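Chain order of the listed sequences is W and L.
Just so you know, we're using our numbering here: the first sequence kicks off at 24 and counts up by one.
Just so you know, we're using our numbering here: the second sequence kicks off at 24 and counts up by one.
Every residue, glycine too, gets a C-beta built ideally from N, C-alpha and C.
Bear in mind the structure is a predicted one, so any value in this text is a computation, not a measurement.
There are 2 protein chains.
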Amino acid sequence: MKTFNSSNFKLGILGGGQLGKMLLQPAMNYGVDVSILDPDPASPCSYFCKNFHLGSFNDYNTVYNFGRNLDLITIEIENVNVEALKRLESEGVTVYPQPHIIELIQDKGLQKDFYKNNGIPTSPYAKIQNREELKLYAEKFPAMQKLRKAGYDGRGVFKVKSVDDLPKSFNDPSILEDLVDFDKELAVLVARNASGEIRAFDVVEMEFDPQANLVDILFTPAKIETEIEKRAKEIAIDVVEKLKIVGLLAVELFLTKSGELLVNELAPRPHNSGHHTIEACITSQYEQHLRAILNLPLGSTELLQPAVMVNLLGEKNFVGEAKYIGVNEITRLDGVYLHLYGKKITKPMRKMGHVTIIDHNLDNAFEKAKFVKDTFKIQA
Amino acid sequence: MKTFNSSNFKLGILGGGQLGKMLLQPAMNYGVDVSILDPDPASPCSYFCKNFHLGSFNDYNTVYNFGRNLDLITIEIENVNVEALKRLESEGVTVYPQPHIIELIQDKGLQKDFYKNNGIPTSPYAKIQNREELKLYAEKFPAMQKLRKAGYDGRGVFKVKSVDDLPKSFNDPSILEDLVDFDKELAVLVARNASGEIRAFDVVEMEFDPQANLVDILFTPAKIETEIEKRAKEIAIDVVEKLKIVGLLAVELFLTKSGELLVNELAPRPHNSGHHTIEACITSQYEQHLRAILNLPLGSTELLQPAVMVNLLGEKNFVGEAKYIGVNEITRLDGVYLHLYGKKITKPMRKMGHVTIIDHNLDNAFEKAKFVKDTFKIQA
Chain W
24 MKTFNSSNFK LGILGGGQLG KMLLQPAMNY GVDVSILDPD PASPCSYFCK
74 NFHLGSFNDY NTVYNFGRNL DLITIEIENV NVEALKRLES EGVTVYPQPH
124 IIELIQDKGL QKDFYKNNGI PTSPYAKIQN REELKLYAEK FPAMQKLRKA
174 GYDGRGVFKV KSVDDLPKSF NDPSILEDLV DFDKELAVLV ARNASGEIRA
224 FDVVEMEFDP QANLVDILFT PAKIETEIEK RAKEIAIDVV EKLKIVGLLA
274 VELFLTKSGE LLVNELAPRP HNSGHHTIEA CITSQYEQHL RAILNLPLGS
324 TELLQPAVMV NLLGEKNFVG EAKYIGVNEI TRLDGVYLHL YGKKITKPMR
374 KMGHVTIIDH NLDNAFEKAK FVKDTFKIQA
Chain L
24 MKTFNSSNFK LGILGGGQLG KMLLQPAMNY GVDVSILDPD PASPCSYFCK
74 NFHLGSFNDY NTVYNFGRNL DLITIEIENV NVEALKRLES EGVTVYPQPH
124 IIELIQDKGL QKDFYKNNGI PTSPYAKIQN REELKLYAEK FPAMQKLRKA
174 GYDGRGVFKV KSVDDLPKSF NDPSILEDLV DFDKELAVLV ARNASGEIRA
224 FDVVEMEFDP QANLVDILFT PAKIETEIEK RAKEIAIDVV EKLKIVGLLA
274 VELFLTKSGE LLVNELAPRP HNSGHHTIEA CITSQYEQHL RAILNLPLGS
324 TELLQPAVMV NLLGEKNFVG EAKYIGVNEI TRLDGVYLHL YGKKITKPMR
374 KMGHVTIIDH NLDNAFEKAK FVKDTFKIQA
């Protein structure tokens, strides 16, 4: 790959959402020449990148034309045209994470096979083609049906409680997973650069909002035993080593009630579960991803202070121009960092921003997080 | 002023240099609509702001037209057209810092008069119109002659050692200051919001490079007695209270060999002496400036870890497209943050970037800073 040693180094990002914006912020510290491709003319990155290209990252020609004059391409969303990336790679453009890894992760069936073939603990599953095939697995119900492709933020997931649910199930290629009786959901972010250096962040614990099926609150250090922390990192690092991914990998895990760790899913990019690293760690996940793909030494993942992160979702019943309620009240608290993504239009459950709280004491951070959740609203 | 409560809030920044870029980065977290005015089409902000306006911030009409549809205007450089800002203010646009304060600080003569009239300790001075008048003060030589206006980064300053130096002295309105036999140069950054809330950062100690007349290395905590730290903050807060500035004020002070603190000069904006706050403090100076001008509660100025900052200047004898030497070597050290401003062209002594080093131990940070200074080069 071309070495980064001047401001003429051309970095392209597929996707201009909030993850792209948070990746752009540290990229601004490296003086690299950034181009971004996104289909939304009002995407968060559109306001902050001179080389913003309007177009679909799913379209072969659009991606190919976007990438052909760049030195390095990365992603902030995995739902991109892999064929175009493969061609670009074959023509000498560096693409990190590597296209074949994006392809594997795009498909939950291939993801599960990868775990199985590499001895990575995960829940039992079956691959099915359609609803007809799903019926054959009735003895497994209740179980989770997940579309193999295009699932995102809880979409593409259906709990088949019994055969009565079959009419509502997906009639597309899916996986059927055994229900996991989990105690906690955890995430580990691990980066690997092209030289093979690997560093993991501390484990984060996630609490989901069952209604939105989105992470509601996230915190670190996780409230788990040292042995579980260690094991979770080992598993995540093992995944990274076996994939040989270059860039950041988010590894989501279940901690079962019997103390077992099972890999749930992967994201080959900066991730919602690592927002707090911007303020709470020596190196943020975004900076770490940049370092990995630029093949620079990875940064320290040391936690400066305990952290809690709260997603800011559009309030239900409000659609239209976003209004922020409570900015003054929450920024009054020390160690509270407001991140608004600048999306002009709010919709119920749309990710409009997040708040990170850091504090010497995790319980204090929780108190502040509760106040933030009760006080800050995004309405229209 | 208009309250910030939506992504339609329009913020304008006069100046698109590195300070503007570092102000833009946290502004991206507030989802505000940012416009930037700068005469350089390749200025650091030009690549990262959709509403980048090319034009002079010294020109009345340019500034007026830039500002008339904005909600709030601020500066990253004080050398701006104040008359246009006053008109905008009179027409209802909020301008922070207030134009009359920018005007006062633009003129070193008015600055000195302000100190004198408000009991703020500073070195003795005389205001002179031209070289003829300067001759009358021969008994004060050696002394420092400083142009009243347009001095910046050491330009506009001349040491008049004796009458023999008169031919090389400035023939323009200046101040003549007694030489200060100082032990240390210190800086205190203080922010004040429109509601009158004030918060100061910890004192930073600066070591100047006599050749470039630029801050060479900066660190905090300063190596001064607690009593001096306290007194320096009190003086800086006193200046802020008397100016009633809204925004950030950088107060540079001399600590004389007899233990006296004297205000040297002011900057009504984020400042080179506060770069380290990005990583080393709960709230960065840039975020704090934004909070102040948006009239949000100010953030905690708590230092997370001791910090050292090194300016990265263009190496002498190199002019042309900037090449970075040593990126890998310095980013290998934990807690080392590289900030490259993205200026395409390097020139001897041009500010091309900076590096902040944070570490639990200040001496370790110094070690790393020394390595950075020896290793990292900007050549062409």
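According to DSSP, is residue i part of a helix, a strand, or is it coil?
i, result
"L/Ser323", "coil"
"L/His377", "strand"
"W/Ser58", "strand"
"W/Val105", "helix"
"L/Ile348", "strand"
"W/Thr300", "helix"
"W/Val180", "strand"
"L/Ala223", "strand"
"W/Ala53", "Position check: residue 53 of chain W holds Tyr in this sequence, whereas Ala was assumed. Looking at W/Tyr53 - three-state DSSP - the assignment turns out to be strand."
"W/Ser29", "strand"
"L/Gly343", "strand"
"W/Tyr83", "helix"
"W/Arg215", "strand"
"W/Ser185", "coil"
"W/Gly78", "coil"
"L/Lys280", "coil"
"W/Tyr360", "strand"
"W/Ser113", "helix"
"W/Lys367", "coil"
"L/Asp239", "strand"
"W/Ala388", "helix"
Could you tell me whether any Cβ in chain W is nearer than 7 angstroms to the Cβ of residue i?
i, result
"L/Ser185", "no"
"L/Thr354", "yes"
"L/Ile305", "yes"
"L/Leu37", "no"
"L/Asn28", "yes"
"L/Lys346", "yes"
"L/Gly270", "no"
"L/His123", "no"
"L/Gly54", "yes"
"L/His362", "yes"
"L/Ser323", "yes"
Starting from the beta carbon of residue i, find every residue of chain B whose beta carbon is closer than 7 angstroms, and list them in chain order.
i, result
"L/Met51", "As a matter of chain content, chain B is missing from the structure shown, whose protein chains are W and L."
Nearest to residue i by CA position, among the options, is which residue?
i, options, result
"L/Ile247", "L/Gly343, L/Leu278 and L/Asp63", "L/Leu278"
"W/Asn140", "W/Asp261, W/Ala392, W/Thr398 and W/Gly343", "W/Asp261"
"W/Tyr347", "W/Thr369, W/Ala50, W/Phe389 and W/Val213", "W/Thr369"
"W/Asn88", "W/Asn102, W/Ser58, W/Lys73 and W/Ile100", "W/Ser58"
"L/Glu220", "L/Gly282, L/Phe231 and L/His312", "L/His312"
"W/Ala214", "W/Arg222, W/Glu114 and W/Glu208", "W/Arg222"
"L/Ala330", "L/Lys150, L/Gly376, L/His383 and L/Ile401", "L/His383"
"L/Asp206", "L/Glu228, L/Ala315 and L/Val183", "L/Glu228"
"L/Gly115", "L/Gln308, L/Leu133, L/Asn102 and L/Gly90", "L/Gly90"
"W/Ser79", "W/Ala255, W/Asp61 and W/Glu338", "W/Asp61"
"L/Leu157", "L/Glu325, L/Asp397, L/Arg178 and L/Pro190", "L/Pro190"
"L/Gln308", "L/Ile316, L/His298 and L/Leu317", "L/His298"
"W/Pro147", "W/Leu202, W/His76, W/Leu385 and W/Pro196", "W/Leu202"
"L/Thr398", "L/Leu356, L/Leu385, L/Asp386 and L/Gly365", "L/Leu356"
"L/Gly179", "L/Pro196, L/Lys366 and L/Glu390", "L/Pro196"
Step through the CB atoms of chain L and report whether any lies within less than 7 angstroms of the CB of residue i.
i, result
"W/Gly365", "yes"
"W/Gly358", "yes"
"W/Pro320", "yes"
"W/Leu385", "no"
"W/Leu60", "no"
"W/Leu16", "The shown model of chain W, from 24 to 403, leaves out residue 16 of chain W, and the question about it has no answer."
Taking Cβ positions, are residue i and residue j nearer each other than 7 angstroms?
i, j, result
"W/Glu288", "W/Glu275", "yes"
"W/Glu101", "W/Gln129", "yes"
"L/Ala273", "L/His294", "yes"
Taking 6 angstroms as the cut-off, is the CB of residue i close to at least one heavy atom of the ligand ATP?
i, result
"W/Asn31", "Here there are no bound small molecules, and the ligand ATP is not part of this structure."
So residue i and residue j are supposed to be a Cβ contact under 8 angstroms. How far apart are they, rounded?
i, j, result
"W/Thr145", "W/Val286", "5 angstroms"
"W/Leu170", "L/Tyr53", "Between L/Tyr53 and W/Leu170 the Cβ distance is about 36 angstroms, and since that is not below 8 angstroms, they are no contact."
"W/Asp63", "W/Ser30", "The pair is not a contact, with the Cβ atoms about 28 angstroms apart (cut-off 8 angstroms)."
"W/Ile401", "W/Gly337", "5 angstroms"
"W/Pro291", "W/Ile124", "6 angstroms"
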